[in-house]
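As structure tokens, the structure follows; a few thoughts come after it.
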Amino acid sequence: MVHAPEVDTNIVESGNPMLPALYQIRRFRRETEDTFTLELESRGDANKFTFAPGQFNMVYVFGVGEIPISISGDPANSKIIIHTTRAVGTVTKAMNKLRRGDTLGVRGPYGTPWPVEEARGQDVVIVAGGIGLAPLRPALYQIIANRDEYGKVILLYGTRTPTDILFREELEQWRSRLDLEVYVTVDRAMTGWRGNVGVVTNLISKASFDPQNSIAMICGPEIMMRFTTAELQKCGLNIDSIYVSMERNMKCGIGLCGHCQFGPSFVCKDGPVFNYSRVKALLLKWEI
Amino acid sequence: MVHRIERAALDSLFDSLRRRGYVLKGPTVRDAAIVYDDITSTADLPVGWTDEQEAATYRLHKRNDKAVFGFSASPYSWKKFLFPPILKILTARRNGKGFQITDTAHAADSGDADGKKYAFIGVRSCELNAIAIQDTVFKAGQYQDVQYRQAREGIFIVAVNCTTAGGTCFCASMGTGPKAPQGYDLALTEMQDENDHYFMVEAGTERGAEVLNDVEHKPARQHEIERADHAINVAAQKMGRTLDTANIKEVLYQNIEHPRWDATAVRCLTCANCTMVCPTCFCSTIEDVTDLTGTQAERIRKWDSCFTMDFSYIHGGSVRSSAKARYRQWMTHKLASWIDQFGTSGCVGCGRCITWCPVGIDITEEAQAIRENHIHDKVPMTTKEEHDGNT
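As structure tokens, then:
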């Protein structure tokens, strides 16, 4: 079905950043029991979508609402947008019921990227918890695409149970590579699990990296990020070499609605990826 | 150059603005309060009224003169015209498996429907500063609020310098009044004595001067100018409140764990009144509505408040679930983190939050309590500059 790109015209004419562009679901893939991946392609002309790893889009479900979701696809692919999320709120639960051919509104990309460029020449330590792997996957894609330019590349991933492991096939492929170190752990094992059990911070000691010449990128629950950053610092990593991705309520994604404030920062435009030195003091306090 | 116009000439000033196509918005008495709304003549102004303001107290009283601007901050602020409390930003209409979107933010409240612009009558210095602050929030960033930009453009501002200070006013502390320094087309100072009722007038722009030329005026005499300046200076000295702004950002950043927040939280009802009356508070939410058939959906932007539980909700709960955290967020943002975000304080000292707090929580008192009993957190919040210094 050819669709008159009415909305695209409006965006160009008005410059209204609150108007989404329309995208069609090309593929809906269930990842785990409560997570899924959407592959989106533009309903307008073949306009390119370029983003940097770590950035997010505001995704609108007709009549239900709009929420920020990190982009989990390959930055080298400008034809499709990939989002992986957990069905947990009103909008994501509605999204979970959508299928191939359905339409979504998309605004973005917004926010700060992972320091993939700055990390060139250094070891890279990526630590993810649960769905936190989704915003880190584009960074991994980009690093792997330019593998020669990085030192050691390490992925430490923790989930609740073995059935919650996201992107399992890809993890297995990455783990089979000789130029990647991949460690996975679960909080609670079940029959058939032969891997690590325990919190993700336990994996840090297994990884071999040069703390004087490494960059760490962390995404997961705040409590996990607090412990992981502390553990990495104990290993000798400088606080300025540690980056975390924050999550806050957002209504606009562009610094106007005020919802995502985190002390002096707006998570939508000053983040979501922050140098840890910038947010450490606040992460150690309650209810900021 | 300061001019003098007589009280009777104020109506011809309004006429001139209307002839030039402006829709006049100004103070008027309604529901026992002075609100900002449509006005047609000076008879609509709060002639002979004043207000009594104290923490959790607002009363109108009759004056024993015919002053037209003899009151202080209204429960309304001009932001309701520039940043409407309710704004439909888009409609979406289903077609087959997809939908189409129409931009509706533009047709909205930017003057009258036929494209007329507002003339704001009686904008106080604190309010001019508040408008300048919202200009920065909505128009200076990478992404702009197109509705605000459109509504703001071409507004004619008639400022009024304050010659009496309200009970909850502290603009003198914030450096935002009581005399309007700039940002107006015309600035009036209302003066009265036994036989005379007149205004000192200054034009701040070319078009302000043009409007003034439509009105019978004469150069002000030196003693009249001095008398008006004196009245403004007296108002500055008689502010109902003061707020010590020295290092205020550092004081608040270093006292995130101060026990005062707990004490205030016991009183705070988290009713959001302070954020609704504040002329600089800019937070908004978006509500999604659909018609009964599910074929048409709308996204409606509404003023929001950091005092609600929903404001900080992410899956699993609200980040700021306690009243303590919400009051702390509001006050720390207003007086401290706003400086990091936008280069100025978010407070203009208008006192509305004090007057309209149902339990009389006073931002000046709260700031002072924290300053006087500075505990200094073990791990203080870092400012942007400190951060920028070590990366």
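Order-wise, the sequence lines are chains A and B. Heads up: the first sequence begins at 828 in the working numbering, then just goes up one per residue. Heads up: the second sequence begins at 1151 in the working numbering, then just goes up one per residue. For each residue, glycine too, the CB sits at the ideal point set by N, CA and C.
C-beta neighbour in chain B for A:Phe-863, strict 7 angstroms: no
Closer than 9 angstroms at the beta carbon, the chain A residues around B:Asp-1412: Within 9 angstroms Cβ-Cβ: nothing; B:Asp-1412 doesn't reach chain A, min ~12 angstroms.
A:Phe-994 to A:Phe-1093 span [Cα, whole Å]: 30 angstroms
Residue from A:Gly-1022, A:Met-1017 and A:Ala-1016 whose Cα sits closest to the Cα of A:Glu-999: A:Gly-1022
Sub-7 angstroms separation of B:Ala-1315 and B:Ala-1217 beta-carbons: No Cβ-Cβ contact shorter than 7 angstroms links B:Ala-1315 with B:Ala-1217.
Inter-residue Cα distance where the pair is B:Gly-1358 and B:Asp-1335: Those two C-alpha atoms are separated by around 4 angstroms.
Reduced DSSP secondary structure (H/G/I, E/B, other) of A:Asp-950: strand
Reference B:Val-1416, options B:Ala-1322, B:Val-1509, B:Gln-1203 and B:Asp-1161, closest by Cα: B:Val-1509
Straight-line Cα distance separating B:Arg-1209 from B:Ala-1159: About 30 angstroms.
Other residues of its chain near B:Thr-1482: CB distance less than 7 angstroms, five sequence neighbours each side excluded: Leu-1402
Boundaries of the beta strand (DSSP E) in which B:Met-1341 is found, first to last residue: 1336-1342
Short Cβ contact (7 angstroms threshold) for A:Pro-940 with A:Gly-881: yes
Outcome for A:Glu-858 when other beta-carbon atoms lying within 10 angstroms are tallied against a minimum of 16: buried
B:Asp-1490 - DSSP class collapsed to helix/strand/coil: helix
Per DSSP, the bridge partner or partners of A:Gly-892: A:Val-888
Contact list for the stretch 1064-1083 of chain A against chain B, Cβ threshold 8 angstroms: Asp-1067, Glu-1074, Arg-1075, Asn-1076, Lys-1078, Cys-1079, Ile-1081, Gly-1082 and Leu-1083
Separation of B:Glu-1204 from B:Cys-1319, as counted between CA atoms: 9 angstroms
Any chain A beta carbon closer than 7 angstroms to B:Cys-1418: no
Minimum length 4: unbroken alpha helix (DSSP H) runs contained in the stretch 1349-1407 of chain B: Fully enclosed alpha helix (DSSP H) runs of 4 or longer: 1356-1363, 1372-1387 and 1398-1403.
Pairwise C-alpha distance: A:Val-954 and A:Leu-1007: 14 angstroms
Within 7 angstroms, strictly: CB atoms of B:Cys-1497 and B:Leu-1485: Yes.
B:Met-1151 at chain A interface by Cβ criterion, 7 angstroms: no
Boundaries of the beta strand (DSSP E) in which B:Lys-1212 is found, first to last residue: 1207-1212
Closer than 7 angstroms to chain A by CB, B:Lys-1247: yes
Cβ pair A:Val-1071, A:Phe-1036 closer than 7 angstroms: No, the Cβ-Cβ distance between A:Val-1071 and A:Phe-1036 is not below 7 angstroms.
Status (buried if at least 16 other CB within 10 Å, exposed otherwise) for B:Ala-1263: For B:Ala-1263, the pLDDT reaches just 49, beneath the cut-off of 50, and the residue's location in the model is therefore unreliable, leaving the point undetermined.
Sequence-distant residues of the same chain with beta carbon closer than 6 angstroms to B:Lys-1399, five excluded per side: Ala-1486 and Ile-1489
Which listed residue (A:Thr-917, A:Cys-1084, A:Arg-854 and A:Val-918) has its alpha carbon closest to that of A:Gly-900: A:Arg-854
Assigned exposure category for A:Lys-906 - 16 Cβ within 10 Å defines buried: The residue is exposed, with fewer than 16 neighbouring Cβ atoms inside 10 Å.
Residue environment, A:Lys-924, which counts as buried when at least 16 other CB atoms sit within 10 Å: exposed
Anticipated Cβ contact below 8 angstroms, B:Phe-1492 with B:Thr-1326, distance rounded: In fact, because the Cβ distance is near 14 angstroms, the residues do not count as touching under 8 angstroms.
Partners in chain B for A:Gly-916, counting only beta-carbon separations shorter than 8 angstroms: His-1465
Which of helix, strand or coil DSSP assigns to A:Tyr-984: Residue state, collapsed to three classes: strand.
CA-to-CA distance, B:Gly-1501 to B:Ala-1223, given in whole angstroms: 8 angstroms
CB contact flag (A:Asp-950, A:Ser-1041, <7 angstroms): Taking C-beta atoms as the reference points, A:Asp-950 and A:Ser-1041 count as a pair closer than 7 angstroms.
Contact set between B:His-1483 and chain A, taken where Cβ atoms lie within less than 7 angstroms: Gln-1088
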